[in-house]
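Q: Let me begin by handing over the structure; questions about it come next.
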Amino acid sequence: MMQNLSTSTKVQETLDPCVVLMKQLISKYNHLWVDEKIYSLAQGVVYWTPPDEVNTAMLKAIGDDSTALHSYAPDEGLPELISEIKSKLKRENNLDKDLEVIVTPGANAAYMNCVLTLLDENDLAVVFKPYYFNHVMAIQMTRGNDAILEGPIDEDGYPSISWLQEQLEEKQGRIKMVTITNPGNPTGVSIPTSKLSEIITLCGKHGAYAVFDCTYEQFDHIRANSVEIESEDGSTFSGFKCFSDEHVINIFSFSKGYAMAGFRVGYIAVNTCGETGKDVYEQMVKVQDTIPICTSRISQHGALGALSAGKQWVDKKVKTLDVGRQAILDALSGMEIIIGGSGAMYVMAKLPDGMDDMILAERLVESYGIAIIPGKFCGLPGWIRVCYSNLPSDECKIAAKRLKTGLRDLCS
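The sequence shown begins at 84 in our numbering and counts up one residue at a time.
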């Protein structure tokens with residue numbers, strides 16, 4: 084007789100994937116909207132498609148390098164892509180020191196690399212609530228809930244630096260990793276460079292790594308992290324300020340600005356000027372080799388094409404979100420508290436006290452043809468997260484109108 088088998092307790096206690104849940108709700112109620120459609124303001128995707136250079140680069144790779152496409156790429160990424168990424172980091176992010184780059188299957192895989200590389204069993208990892216659910220899920224399923232230390236944000240939506248200082252002093256070296264997503268998911272807030280500098284200083288003083296998820300670097304709408312960088316021809320270029328301290332690890336993605344979510348390409352930049360950074364890079368390559376081995380070759384060629392299109396291409400696309408962002412802000416204007424709109428592609432809103440965000444989310448899909456993310460999955464039950472980049476401006480205005488009506492009816 085077979086003994087009872089069970090799955091991992093850590094995985095059981097990990098958050099359910101909320102994007103999957105919302106897609107299931109959309110499927111459940113699609114039959115009610117056959118004459119129209121359900122608009123998703125849930126998953127963080129952009130409505131545009133990748134630049135033409137992506138397809139051109141992949142087709143060229145198929146013609147020129149088809150015999151190599153079936154084979155493994157180097158663990159850390161194709162040399163030509165790494166070279167272009169390093170040029171981009173210097174050109175757009177003011178990162179020009181001794182950097183090493185690891186190309187990953189998206190930013191989520193990059194973050195998992197950081198979790199597995201940096202955290203021992205009894206270490207603590209700080210996230211600020213509301214948090215990006217996949218960050219917390221990565222820590223939960225590998226180190227467990229006890230490894231997570233949830234910090235508050237202040238009234239501006241910025242991480243509480245006073246709280247972080249207290250915890251770093253109190254925990255006496257147990258905190259090994261502090262995660263900052265900037266611009267923020269799910270907050271939709273761009274954190275000023277001055278605040279980030281304070282966090283980096285505190286982490287360095289207390290022996291903690293600062294992991295910066297810069298997935299939304301091109302979506303810094305208020306230019307809170309803008310830096311003027313001198314180009315090779317002597318002209319100045321407006322970039323997104325990043326930090327090259329040895330205890331800072333920066334994560335980037337092609338999924339958002341370049342609309343390459345399905346290609347699964349992200350990357351990690353590690354400062355290897357000293358022994359600490361060199362060790363992080365070497366150990367992280369082990370993690371990469373153990374899980375994906377490498378990022379798909381054809382996707383990496385697509386990423387090369389995206390970089391050739393450049394930041395200017397992305398900036399023009401991001402500018403088109405202004406109309407939809409304002410429409411969503413207007414739709415949420417009747418709520419008690421709103422945060423976001425200054426960065427990334429999100430706005431969060433507080434529901435009336437006692438209202439269940441999960442029940443509201445299902446009602447919005449069923450009766451109003453709108454999907455959002457319940458705040459429960461971001462550590463804030465009683466709130467909702469709304470994405471405004473999923474739809475072109477005309478459709479986003481229709482979706483915003485439905486959302487405003489649904490919240491008025493359900494929250495009154």
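Using N, Cα and C, we set each Cβ at its ideal position, and we do this for glycine too.
By the DSSP assignment, the beta strand (DSSP E) with L486 in it spans what residues?
A: First-last for L486: 476 to 494, but that is the alpha helix (DSSP H), not the beta strand (DSSP E).
Q: N333 by DSSP, collapsed to three states: which one?
A: Three-state result, N333: strand.
Q: Figure out for me which residue from L232, D239, E478 has the closest Cα to the Cα of E249.
A: With distances taken between Cα atoms, E249 lies closest to L232.
Q: Considering only the alpha carbon of each residue, which of H330, S336, D405, I376 lies closest to E61?
A: Only positions 84 to 495 of the chain appear in this structure, which leaves residue 61 out of reach.
Q: Do the CB positions of E204 and R226 come within less than 9 angstroms of each other?
A: Their beta carbons are under 9 angstroms apart, which means E204 touches R226 by this criterion.
Q: Give the range of the beta strand (DSSP E) segment to which V401 is assigned.
A: Where V401 is concerned, there is no enclosing beta strand (DSSP E), although the alpha helix (DSSP H) it sits in stretches over 394 to 402.
Q: In three-state terms, what does DSSP make of T284?
A: Helix at T284.
Q: Just the Cα atoms here: how many angstroms apart are P475 and I442?
A: Taking the straight line joining both Cα atoms gives about 28 angstroms.
Q: Find out if the Cβ-Cβ distance for the pair G349, G189 is shorter than 9 angstroms.
A: In this structure, G189 lies closer than 9 angstroms to G349 by Cβ.
Q: By the three-class DSSP mapping on this structure, what secondary structure does E69 have?
A: Any question about residue 69 goes unanswered here, given that the chain covers just 84 to 495.
Q: If I follow the unbroken alpha helix (DSSP H) through L108, where does it start and stop?
A: First-last of the alpha helix (DSSP H) with L108: 101 to 112.
Q: Kindly indicate which residue of Y471, K169, N473 has the alpha-carbon position closest to the one of L387.
A: Among Y471, K169, N473, the Cα nearest to that of L387 belongs to K169.
Q: Skipping 5 residues on each side, what residues in its chain have a beta carbon closer than 6 angstroms to that of V310?
A: So the list reads N177, G322, K324, once near-sequence residues are dropped.
Q: Mind the definition here: the stretch 274 to 292 touches the stretch 384 to 402 only if three or more C-beta pairs lie below 8 angstroms; say whether that holds.
A: With a cut-off of 8 angstroms, the stretch 384 to 402 and the stretch 274 to 292 do not count as touching, because too few Cβ pairs lie within range.
Q: Out of G424, L490, C461, point me to the one whose CA is closest to G35's CA.
A: Lying before the first or after the last residue shown, residue 35 is absent from the chain, which here runs from 84 to 495.
Q: Between the Cα of D328 and the Cα atoms of E119, L172, N354, Y241, which residue gives the shortest distance?
A: When only C-alpha atoms are compared, the closest one is N354.
Q: On a CA-only basis, which of R446, F335, A156 is nearest H301? Give me that one, please.
A: The residue asked about is misnamed: residue 301 is Gln in this sequence, not His. Considering only alpha carbons, the answer is F335.
Q: Going by C-alpha to C-alpha distance, which of K480, C494, L98 sits closest to L124?
A: With distances taken between Cα atoms, L124 lies closest to K480.
Q: Taking the alpha carbon of G234 as the point to measure from, which residue in T298, Y214, Y155 has its own alpha carbon closest?
A: Nearest C-alpha to G234: Y214.
Q: Taking three-plus beta-carbon pairs below 8 angstroms as touching, is the stretch 280 to 300 in contact with the stretch 142 to 162?
A: No, because fewer than three Cβ pairs between the stretch 280 to 300 and the stretch 142 to 162 fall closer than 8 angstroms, the two stretches do not touch.
Q: Assign E233 to one of three DSSP states: helix, strand, or coil.
A: Three-state result, E233: strand.
Q: In chain order, what residues of the same chain lie with their CB nearer than 8 angstroms to the CB of D158, ignoring the 5 residues before and after it?
A: Closer than 8 angstroms at Cβ, skipping near neighbours: I185, V368, Q371, D372, I376, C377.
Q: At the level of alpha carbons, what is the spacing between A307 and I165?
A: For A307 and I165, the distance between alpha carbons rounds to 27 angstroms.
Q: Could you please give the first and the last residue of the uninterrupted alpha helix (DSSP H) stretch that includes M418?
A: No alpha helix (DSSP H) holds M418; DSSP gives it neither H nor E.
Q: I need the boundaries of the beta strand (DSSP E) containing E183, first residue and last residue.
A: Unbroken beta strand (DSSP E) run through E183: 182 to 187.
Q: Is A389 closer than 9 angstroms to P133 when the C-beta atoms are compared?
A: Closer than 9 angstroms, so yes.
Q: Looking at the strands, I want to know which residues DSSP matches up with L207.
A: Looking at the DSSP assignment, L207 forms a beta bridge with I258.
Q: To the nearest angstrom, how far is the alpha carbon of Q126 from that of T92?
A: Whole-angstrom Cα-Cα distance: 27 angstroms.
Q: Report the option in G290, S243, L172, D492 whose CA atom is closest to the CA atom of D206.
A: Answer by Cα proximity: G290.
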